[in-house]
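Report on the structure given below.
Numbering (mature numbering (1 follows the signal peptide of the UniProt record, and there is no 0)), first residue to last: -24 to -1, 1 to 501.
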């Protein structure tokens, strides 16, 4: 009996060890997959990136090791294409194809050599010092892409199917090389003073983060207001304090004070988590104090938020966001206002993939601030006002301050785009107008019943005459120079004569037809 118990316990222990080992293996695999997915996120060919690294990563979570593996996998694929070109070259009968394949071998050898140089340069350096040789890496990887494309260009006007065969052989390596370039550039998208830890935070979603405080207006979080969450931030802490703000509209003034360093606020997106206020200069508040959100504590991070000052253009200076936080970062943040929307007051600031809208001086201040890949929207100003995007406030020419726009787009607010088609009147309606006017002018009686005064009295917003219509032929400006075409039955006359008011005596439009022209269009069946 005792032996049976020992046997049962031994088997149970073996099963337990096996289960623990299996769980540990699954955990490592899950962690590895998550790291690879995050690593491949900035690439254009994410599926290719993830599948290629999953085969060789061996549960590694070290970003530098993943970079090295990405280079090595790309080299392996180019070598396969190189070997493929050798096989094709031996079978090629067409001299032009044979030359193209020989050129491919040379070009792919260059590509492999440059990628190996990149790996050699990476050895001995940490990714935090990547900026020291980042330009070299970008140039060498770009050259590798060009070599592969030049290889394919050589098959132009060849008569065999070698070009298509080579294109298929290079397809994976081309995608992998593009991915490497994207990964390397991704390390360069933040200033050097942003730590690797904060870079990782910027790449994570709210679900992946472990917030210290969750704000939810509906009561499903730790607190209901952002102000309450800020009160929980420890003073002068070196650790990042994460405040997650759930979807909702938060009508409050928020200030992160000087003693509150390394605070991160992350929302559910630029159309979901909205912080709004309406303090403004006209109603008696100084510009400096009108900010809906004011960030003073150093090391602040803002992500996936919508910050607004809704005071309106007539209220003049009304700040949505004021920042004087050193080494602060804003990623995917929307800032809406009119005059003085974003006050980049002082110290180092970085904005990436943000949207800023306004009318006058809507990015202003005296900080050294960089805007990268941002969308800047000019809204409609008040009458007799102009749109002014930036206003740098440097007092002394030696100050370390500037507003730098890098790869940004400056555009009009979509609400004020010009329509694709210019407004114009259809010819049948205009023929009736001109006929009435011609008769009135000829009689010297502009107030006669069929004259302009009568016409104006008959115009209503619902009339067809006032509706936008698609002109069935080219606009007047597209007519041959010097002539203008009239309606049916009209003869061509010099344009200048038309501009002098000499209207053509065309066929008169019957009164009942003219009434039909000026009436409301029939409703659709």
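Heads up, the beta-carbon is just placed ideally off N, CA and C, and yes, glycines get one too. Remember, predicted model here, so these are calculated numbers, not experimental data.
Comparing alpha-carbon positions, the option among 258, 257, 180 and 213 lying closest to residue 220 turns out to be 180. Around the CB of residue 355, 16 or more other CB atoms lie within 10 Å, so the residue is classed as buried. Closest by C-alpha distance to residue 254, out of 268, 246 and 241, is 268. Within the model, the alpha-carbon separation for residue 264 versus residue 319 is close to 9 angstroms.
If you look at residue 190, you'll find it in the beta strand (DSSP E) that goes 189 to 191. Residue 167 sits in coil when the DSSP states are folded into three classes, being neither helix nor strand. Annotated three-state conformation of residue 390 is helix, per DSSP. Per DSSP, residue 339 is not a residue of any alpha helix (DSSP H); the beta strand (DSSP E) it occupies stretches across 336 to 341. Taken through DSSP and simplified to helix, strand or coil, residue 261 comes out as coil.
Within the same chain, and ignoring the five residues on either side of residue 13 in sequence, the residues whose Cβ sits closer than 7 angstroms to its Cβ are 26. When the Cα atoms are used, residue 88 and residue 233 turn out to be separated by approximately 53 angstroms. For residue 123, DSSP assigns no beta-bridge partner whatsoever. Rounded to the nearest angstrom, the gap between the Cα atoms of residue 11 and residue 292 is 48 angstroms. Listed in chain order, the non-local C-beta contacts of residue 290 below 8 angstroms within the same chain comprise 258 and 358, local neighbours out to five positions each way being set aside. One Cα belongs to residue 353, the other to residue 170, and the distance between them is close to 27 angstroms. Relative to the Cα of residue 367, the nearest Cα in the group 316, 350, 96 and 325 belongs to 316. If the five residues before and after residue 61 are omitted, its C-beta is found closer than 6 angstroms to the C-beta atoms of 77, 80 and 81, all from its own chain and listed in chain order. Between residue 20 and residue 154, the C-beta spacing is below 8 angstroms. Residue environment for residue 135: exposed (fewer than 16 other C-beta atoms within 10 angstroms of its C-beta). Taken through DSSP and simplified to helix, strand or coil, residue 284 comes out as strand. Scanning 215, 385, 388 and 343 for the CA closest to the CA of residue 376 turns up 343.
Rounded to the nearest angstrom, the Cβ distance from residue 185 to residue 271 is 19 angstroms, too far for a contact under 8 angstroms. The C-beta separation of residue 260 from residue 301 comes to about 27 angstroms, leaving the pair out of contact by the 8 angstroms criterion. In the DSSP annotation of this structure, the continuous segment of the beta strand (DSSP E) that includes residue 319 starts and ends at 318 to 320.
Distances from the CA of residue 73 to each of 198, 50, 333 and 142 were compared; the closest alpha carbon is that of 142. Per DSSP, the continuous beta strand (DSSP E) segment holding residue 250 begins and ends at 249 to 253. By a beta-carbon distance limit of 8 angstroms, residue 286 contacts residue 252. Their separation comes to about 6 angstroms. At the C-beta level, residue 157 and residue 124 stay beyond 8 angstroms of one another.
Non-local beta-carbon contacts of residue 97 in its own chain, meaning distances under 8 angstroms to residues more than five positions away in sequence, involve 109, 112 and 113 in chain order. In the DSSP annotation of this structure, the continuous segment of the alpha helix (DSSP H) that includes residue 79 starts and ends at 71 to 98. Cβ contact annotation for residue 191 (same chain, cutoff 6 angstroms, sequence separation greater than five): 197, 199, 202, 205 and 221, in chain order.
By the criterion of a C-beta distance shorter than 6 angstroms, residue 298 is surrounded in its chain by 267, 270, 319 and 321, once the five residues flanking it on both sides are discounted.
Taken through DSSP and simplified to helix, strand or coil, residue 345 comes out as strand. Residue 86 and residue 144 have their C-alpha atoms roughly 20 angstroms apart. When only Cα atoms are considered, residue 36 and residue 42 end up about 7 angstroms apart. Taking 8 angstroms as the cut-off, the Cβ atoms of residue 288 and residue 307 do not count as close.
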